[in-house]
Structures are given as C-alpha cells and as structure tokens.
Amino acid sequence: MDKAIELAREAGLRGEVPVGAVLSDAAGRIVAVAANQVEAARDAGAHAEILVLRAGSGALGTKFLADCTLTVTLEPCAMCAGAIAAYRVKKLIFGAYDPKSGAVDHGPRLFAQATTHHKPEIIGGVRDGECGQLLKTFFAGLRDA
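FYI, our numbering numbers position 1 of the sequence shown as 15, with every residue one higher than the one before it.
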C-alpha cells in the first residue's frame, strides 16, 4: 500500500484524482504500477486499476492475472471491478471506502452478484483514513480554487 499511496500523491500533484494502484505477483514482486491518468489522457477510462491491469498483463504476457494481487488506494468503481473480474485477479486490497462510486462494498457490490464469474479475495479499508484524506484534501483544493 505504501507504493500505491505514493503514486496517488503524485497523481494528485498532477491534477488527477489521487488514486494509485500496484499489481504484484504471487511472490509479492511488483509487476506494474499506475495512477489515474483521466485528465492527462482525456480518457474517462484511464483509471489506475485499468492501467495497471493492462500493464501487468503485458509484462507477464498473459490475459489472466490469476496469481496476482491488486492493491489500490480507493474502492474500485463498477468499471474497475468488472475489469478485476475479467482479468481474474486473485486478491484485491483497497484503501478508502467509496460510498458514492464504489462497487465492491457499496453500490452494485459486483463480486456479490451471482452473475459475476470471478470473485477475488477482498481486503478493504487498508489505511482507509490515510487514503481517504488524500482524496478529501484534493477535492477541498478544487472547491477552494
């Protein structure tokens, strides 16, 4: 989570919503890292999770990430949760809960649906306060601007 938080901080400094993601293999080695690039890429789909899953798949030369852990600073949205299922990620670890846009413990609760074919192990709320504060500070700065 340290690396994901570092990436989130850097993204916030670039004017991106501060979300960072790290993909690691079964041995715990980092395979890929990413942060939000929605503003820079002018792409609503350039979420940290999507970017890191694509990069990790490319780095490992496989379409599935069945032995990998995804660590991200914010509860994934529906788009990202769907991608996590599609890539068959083994474990999802996330920081701040997202009652408004989250889709793991909130909203559609994608992995609780019978129609979701792959369900990762999920650990939520890791360093929730710290990850949440990054977002609160970022959005407060936008309101003050």
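Ideal Cβ placement from N, Cα and C applies to all residues, glycine included.
These numbers come from a predicted model, not from an experiment.
If you compare alpha carbons, which of the options is closest to residue i?
i, options, result
"alanine 146", "Pro32, Ala25, Pro134 and Lys17", "The amino acid at residue 146 is misidentified as alanine; the sequence shows glycine. When each option's Cα is compared against that of glycine 146, the closest is Pro32."
"leucine 21", "Val118, Leu156 and Ala49", "Ala49"
"aspartate 57", "His132, Thr151, Thr85 and Glu30", "Glu30"
"leucine 148", "Ala110, Ser115 and Ile64", "Ala110"
"alanine 69", "His131, Ala80, Leu106 and Val47", "Val47"
"histidine 120", "Thr129, Ala128, Gly138 and Lys105", "Gly138"
"glycine 155", "Arg28, Asp16 and Met15", "Arg28"
"serine 38", "Pro113, Thr85 and Phe152", "Thr85"
"leucine 79", "Glu53, Val45 and Ala54", "Val45"
"aspartate 81", "Arg157, Asp112 and Gly42", "Gly42"
"leucine 106", "Glu24, Val140 and Glu144", "Val140"
Tell me residue i's beta-bridge partners as DSSP assigns them.
i, result
"leucine 37", "Ala46 and Leu84"
If residue i and residue j are in contact, beta carbons under 8 Å, what's the gap, nearest whole angstrom?
i, j, result
"alanine 95", "alanine 117", "4 Å"
"alanine 92", "proline 122", "6 Å"
"alanine 60", "glutamine 51", "4 Å"
"valine 66", "valine 103", "Not confirmed; about 10 Å, so no contact."
"alanine 73", "glycine 34", "Actually they do not touch by this definition, with Cβ atoms about 17 Å apart."
"phenylalanine 125", "lysine 133", "5 Å"
Answer yes or no: do residue i and residue j have a C-beta to C-beta separation smaller than 8 Å?
i, j, result
"alanine 18", "threonine 83", "no"
"glutamate 135", "phenylalanine 108", "no"
"glycine 26", "phenylalanine 152", "yes"
So, is the C-beta of residue i closer than 8 Å to a C-beta in chain C?
i, result
"leucine 106", "Absence of chain C from the displayed structure is noted, only one protein chain being present."
Ranges of the beta strand (DSSP E) found wholly within the segment 76-138, counting only runs of at least 3: Runs of the beta strand (DSSP E) inside the segment 76-138: 83-88, 105-110 and 135-137.
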